[in-house]
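Chains as they are written, first to last, in the numbering used here: chain A, 616 to 926; chain B, 4 to 276; chain C, 972 to 1297; chain D, 660 to 1188.
Idealized CB from N, CA, C, for every residue including glycine.
Have a look at the structure below before the remarks.
Okay, structure coming up:
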């Protein structure tokens, strides 16, 4: 098992390195620079000299190769650089935002898993039945809604019309504040998980070993408990891991809408302000987060499924 | 039975959108860009303006029709790019193997690790906002599933008799890939492509919300929806109709994809659901 | 086949349900198995032998459905038993071994536990006892080092080993009847003989009757006292095994026998597929009028197309369903 | 001889507050919003030039001056008196002796001098350097040639002298949050910005980046009896739609409104009672690049001004949330000329002017625009058909909001639409049209007119405020006639506030910037406690 974890860790390193190189290249050709974004509100004024001085200060006047060398050198010591905007270490900024993003990502995945998986299960037990039809139509509909639109509707309904929940913000990090954004973010993975679970259960329902289990004289409940559930879970787990990626991606939209202080909103702000070190740092950390979550999922899958463990 | 319902409803929704887009110049009442008329700003839906008008006094019905062209272009072209990239990489990796296979595998893992919306956002920030940029951004960031799938299917086909036979006959690698392998793995790829089209339409809306979508003169549904978001409480029709159009299109594509999967790819239901 | 048959199947009909239409996938099949007897069912794939076995154990799934007839087990009709009653029989009094040892075991569960389930389900054992009995059961099927093997997962075992585990499961509760559906087809030739021997020895030792299903007439001949030959959902001939080989009565049986390279020398079963009978088994939805074998039969006459032959008792024992039987 | 005058800080409360009759209530929490971004930059107010960050700076810090919204001019804040030398360059400040930092230490001249010197740190490029650079010797510090600003002299703990590079009223540039006064010694501690302290009415409690900043009453604030509220919570909320819902849901006390919401709030019987409007010092305009051939002709630029029905756009699209522009200087500018009339909507005349200029069939140009609702693509979309009627075709060049400044600075446009500050100091603003000002600074349309240069120079040199205003009015009129831009509108800033929030000030420099020491909440607030 340890060996398995270790191997998965090793596999993550080249990906991280490649991501680091890729985002460096991407953002070295991005038009505009931090200094000139500072006057776009039409209030501040900055002459060319000031812009140039600022660029020099950030090392943006250096040739690309030099900048890349500096960047890689810093990365090697796990230094993500200093934010142009706040002049603080990027680690510091990311550190402040990581927890809220993780809260949001985990909460929405929990929401998706706790509702989506049982729903898919129920749907699969009677394919073509009323539960199946209704839940699958709902799932496809959930997948077809633009996220921010859904978020706005949730705000409108649950905050403004019903007054049950706060419409925005992090508050003290309380659950009340977490509910609406997690639902808005969790609907799509919920729908996908419900569909995956349904398909997985249906597939396994027809598997030979389930027939064996029935031939042993097991009741359907036992079949599900002893044999079907765990096998379906392995398939569902993989989907959960991959869905984490899209949840973190979509969090950008939801965080902006709900004024949620996560990495996503930091990333969007930093992109528009051309605060390149923060952009790079955010993407690296998001990718790392995704890789770690997927590794955990793989480890979990390996615990359940011995075939993964030994392959 | 249920399978048919998926296909029929999904196909009908999608066909409606295609027809609406294709016939937009005939069906539309006004030009979607030039006919801003501030005297008609924010008229509620009625007999003159079926879907009402927006803040600039443009006919939303006409704009939604023209918007179908943009959304379809976004969906179809970006998915074509994704599919071509994914299939080329996947097929060649499976066929040639070796370092090329390792490279493609690494690239695929890399693409999977960066959330596609974030990747697209980065590309949109680098290119200036616009249709072409959007097609590139969405076309370059979603091919990993297609690639994985075509690689896996091609690997299993590679050792089959008829492929080996084609090799013995001295067919070129490319020819074998295109004539012997590709036709046999097309089904699942079409399914992924169809579902991906819906995803692209939604991604366009998300990018518009983040201020990095398609900008005028194109009336894209995403930008219409995003622009109208603070009017939700006052003039809801401005956002409801483009929102419905997105919903219908994506729903249609998802149902169509499901239906196609039941026909074209009955085995792999679980894996790509 | 004394009067008190263990299993008696009468006019069994199994339907393939497509929408509102029902096609008789198996029709008018009758046979019986005595206590401790080994009965063989032989036929090409798609002839209905496997679903007959599934019907016996009550595991028909959509789109297949029970269509009529009676199944008597120890004199008791079981075709309409409620689920809970049937479950008491299943695995306990009647158990089944499947063709695919690779997939018939749950990949996520140690084999010991999968055997132990039988004792928990039917004997009310605790898991602890059951695990211990599982070791014994593994030893019974001649698995070396059973105390260690019980912890293994199916993917760690060879095909032959897995089939042994399946047999251990099937025989765990000492059933009266074992349904063995092509138990060796998916195995290496060298392993096949061992598995067959195992089934024969254990069933003999426990007094378990066996319904051996196979497309391989040679295998059936080696294992069974009596043989039923199925074609397109009908039992076309049912006789003592030696009789069938010596003088096949139905033209289809004749074809099967002729296709055997050398009686008794079951070196390579794969070769014995029914190449010599031209044509293919018709689809369930398109069974021909008259005798179902008529499109492929060399002895066909007009009556074969016009009329469905009745079952005829043969003078030397057994039955045949042919207008022109030998 | 010194030409001396004193500015009193003892302004009556009544003049400042909107609802002056009621007795301010102590206690409760003010739940403010910062509407321009999804976060604050950091806890260091010197780092950012953005209004967004000034919103919290106003609570936490004090600058030498403050903006008096009621009188629409700067006034002394940290000093009780100031005197000016005869040449108008040297200013002597008598600092107040009751200003205490949040750690209880008394502010001295050293703190001001240190803060200004910090801002000039050349290796940090603080945005406030733009203002401090007007003090003599500041540039040398920036370039690393000096350690101290030669134009700043401490006389004693409560007195210091400031020498400027040119004649100007320091009140107009030393009131910005970017020039806030930090405690000299404490601010050099490494963890100062984890829990910054200042001179403001509220002291720092916590900052959850991207979520909120919480501040609580500073008991020893130098204005007796103030501030009223116990706490201020400021939430950055860049998304207008979310702000709308949060405000309607009574989760926040104020919201800055865009045009569509303005209409909705005005139409609502309840919400309409809590709307504060002010003519802000922002002029919305379409800048035309004379490097693009057609726009080098004054007649073409005038024709554009005549061809667009600005009033209609303001009425229907901007929903009256703006005032028609009648020149560059806005309504709230001291040099605003009431006599000026806007360009008439006259397509015939526009057509005629275009023909005279040699474009009888019009021409096509590319218009750079951001998604901004009030001065971006939506406006351009409404203008397109109007210009098409006189033969001018428009191609929209969409651009990200934050990229506009850089693009315009580089002159990389044929035309752009923007909202530029046009106040509060008319002299500073009109200098943007002085030919000596580079395009990269703020002469974005590379405007050049010797007559305007002369008027601006004269205005800068005169000591007579009335005469200065006269000169600036003249310059403004010439610029108007030259039409380097399409004069679209002056922003009407609109703030919606909850009925329990009192003491809001109509701040024309930026409505979102409120003096928190004058705000209070009555008992009906959900956060009245």
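- Task: Name, please, each residue of chain A whose Cβ falls closer than 7 Å to the Cβ of residue 1079/D.
- Result: 657
- Message: Beta-carbon within less than 7 Å of residue 1145/D's beta-carbon, same chain only, minus the 5 sequence neighbours each way: which residues are those?
- Response: 944, 945, 963, 964, 967
- Task: Could you tell me which chain A residues have their CB closer than 8 Å to the CB of residue 70/B, listed as they occur along the chain?
- Result: The contacting residues do not exist; residue 70/B stays about 13 Å from chain A at best.
- Message: According to DSSP, simplified to helix, strand and coil, what is residue 879/D?
- Response: coil
- Anything in chain A within Cβ reach of residue 223/B, meaning under 8 Å, just list it in chain order. The premise fails here: residue 223/B is roughly 12 Å from chain A at the closest Cβ pair, so nothing lies under 8 Å.
- Query: Would DSSP call residue 1156/D helix, strand or coil?
  - Reply: strand
- Query: Taking 8 Å as the CB-CB limit, is residue 1184/C close to chain A?
  - Reply: no
- Which ranges does the alpha helix (DSSP H) cover as unbroken runs of at least 4 residues, wholly within the region 953 to 1001 of chain D, from first to last along the chain? 957 to 966
- Message: Less than 8 Å between CB atoms is the rule here; does residue 262/B satisfy it with respect to chain A?
- Response: no
- Item | 6 Å CB neighbourhood of residue 1152/D in its chain, flanking five on each side removed | 937, 939, 1170
- Let me know the secondary structure DSSP gives residue 1070/C once reduced to three states. coil
- Can you give me, in chain order, the residues of the region 112 to 135 of chain B that have a beta carbon less than 8 Å from any beta carbon in chain D? 128, 131, 132, 133
- Query: Going by the CB atoms, is the gap between residue 919/D and residue 58/B shorter than 8 Å?
  - Reply: yes
- Item | Contact list for residue 895/A against chain B, beta-carbon separation under 8 Å | Within chain B, no residue comes near residue 895/A; the closest Cβ sits about 10 Å away, beyond 8 Å.
- Item | 8 Å CB neighbourhood of residue 1031/C in its chain, flanking five on each side removed | 985, 1022, 1025, 1037
- Of the residues 1177/C, 1228/C, 1028/C, 983/C, the one placed nearest residue 1198/C, counting alpha carbons only: 1228/C
- Can the beta-carbon of residue 810/A be found less than 8 Å from the beta-carbon of residue 774/A? no
- Query: What three-state label does DSSP hand residue 819/D in the structure shown?
  - Reply: strand
- Query: Taking only beta-carbon atoms, is residue 233/B less than 8 Å away from chain D?
  - Reply: yes
- Item | Minimum C-alpha distance to residue 792/D - residue among 983/D, 746/D, 824/D | 824/D
- How long is the line joining the alpha carbons of residue 275/B and residue 777/A, rounded to whole angstroms? Residue confidence for residue 275/B is low, a pLDDT of 38 falling below 50, so the modelled location carries little weight and cannot support an answer.
- From residue 233/B to residue 900/D, what distance separates their C-alpha atoms? 5 Å
- Query: With a cut-off of 8 Å, do at least 3 Cβ pairs link the region 647 to 664 of chain A to the region 707 to 716 of chain D?
  - Reply: yes
- Go ahead and label residue 165/B buried or exposed: buried means 16 or more other beta carbons lie within 10 angstroms of its beta carbon, across all protein chains shown. exposed
- Would you give the residue range spanned by the beta strand (DSSP E) that residue 1037/C belongs to? 1035 to 1044
- Task: Could you tell me whether any Cβ in chain C is nearer than 8 Å to the Cβ of residue 812/A?
- Result: no
- Mind pulling the chain D residues with CB within less than 7 Å of residue 44/B? 975, 976
- Message: For residue 1126/D and residue 208/B, I'd like the C-alpha separation in whole angstroms.
- Response: 55 Å
- Compare the beta carbon distance of residue 217/B and residue 226/B with 8 Å and say whether it is the shorter of the two. yes
- From residue 1114/C to residue 1108/C, what does the alpha carbon distance come to, in whole angstroms? 9 Å
- Please report the residue range of the beta strand (DSSP E) in which residue 156/B lies. That residue, residue 156/B, is in no beta strand (DSSP E); its alpha helix (DSSP H) goes 147 to 161.
- Query: When DSSP labels each residue in this structure, what does residue 826/D get in the three-state scheme?
  - Reply: coil
- Task: Report the three-state DSSP secondary structure of residue 69/B (helix, strand or coil).
- Result: helix
- Confirm, please, whether the CB-CB distance from residue 821/D to residue 694/D is below 8 Å. no
- Query: With 16 as the cutoff for other CB atoms within 10 Å, does residue 1083/D come out buried or exposed?
  - Reply: buried
- Query: Hey, would you say residue 1201/C sits closer than 8 Å to residue 1012/C, going by beta carbons?
  - Reply: yes
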